[in-house]
Amino acid sequence: MIDYVGGGKKGFLYILYRVLFRKYKSKNHIELSRECEIGKGLYIGHPYGITINPAAKIGCNCNIHKGVTIGQENRGKRKGTPVIGNDVWIGINSTIVGNITIGDDVLIAANTFVNCDIPNHSIVFGSPCIIKTKPGCNVTEGYINRKCIV
Numbered sequence: 001m002i003d004y005v006g007g008g009k010k011g012f013l014y015i016l017y018r019v020l021f022r023k024y025k026s027k028n029h030i031e032l033s034r035e036c037e038i039g040k041g042l043y044i045g046h047p048y049g050i051t052i053n054p055a056a057k058i059g060c061n062c063n064i065h066k067g068v069t070i071g072q073e074n075r076g077k078r079k080g081t082p083v084i085g086n087d088v089w090i091g092i093n094s095t096i097v098g099n100i101t102i103g104d105d106v107l108i109a110a111n112t113f114v115n116c117d118i119p120n121h122s123i124v125f126g127s128p129c130i131i132k133t134k135p136g137c138n139v140t141e142g143y144i145n146r147k148c149i150v
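The structure is reproduced here in structure tokens:
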């Protein structure tokens, strides 16, 4: 995400990043590492209480709302971190964990726990998650804010 930082750990931009990271982490309780791979067009509507694992991968034009956790599973068959596709809308207080893949054009409803692969063009809700696939439909139309043409 933050490839602009450059200059190693002694560069000006790295130091600036660390200062700003600490300020906003404590103010808004956001944990978003510079190691995290994030595509263009990320939109965080309400930047409070968000945790994203440094090894997570997030595609283009994703919307993340407050209280979201994108984390890793430390053991079991899904040990690892999620890969999230393009045009994904993640609702308030949702949790996405494990070595799973979230497809493109997916809407994850509020308070949803996701620990399994989600196909493209799906709506996901509940805990455990219920998946409704809508092939050929644009399920996130009207939900994605500030869409960036890639």
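For the sequence shown, counting from 1, position 141 maps to 141 in full-length UniProt numbering; every step adds exactly one. Note that the Cβ used here is the ideal one computed from N, Cα and C, for glycine as well. Quantities reported herein were computed from a predicted structural model and do not represent experimental measurements.
1. Which value, in whole angstroms, describes the spacing of the CA atoms of G67 and G126?
2. Going by DSSP, name the residue or residues bridged to G76.
3. In angstroms, rounded to a whole number, what distance separates the CA positions of H29 and R22?
4. Distance check for I52 and P82, CA to CA, integer angstroms please.
5. Let's test the definition: count the other Cβ atoms within 10 Å of the Cβ of A110 and tell me whether it reaches 16, buried, or not, exposed.
6. What three-state label does DSSP hand K43 in the structure shown?
7. Within this structure, are the beta carbons of I130 and I96 separated by less than 8 angstroms?
Taking the coordinates as given:
1. G67 and G126: Cα-Cα distance of roughly 16 angstroms.
2. Its beta-bridge partners do not exist; DSSP assigns none.
3. Those two C-alpha atoms are separated by around 10 angstroms.
4. Taking the straight line joining both Cα atoms gives about 10 angstroms.
5. Looking at its Cβ environment, which holds fewer than 16 other Cβ atoms inside 10 Å, A110 is exposed.
6. According to the sequence as given, residue 43 is Tyr; it is not Lys. Three-state result, Y43: strand.
7. no
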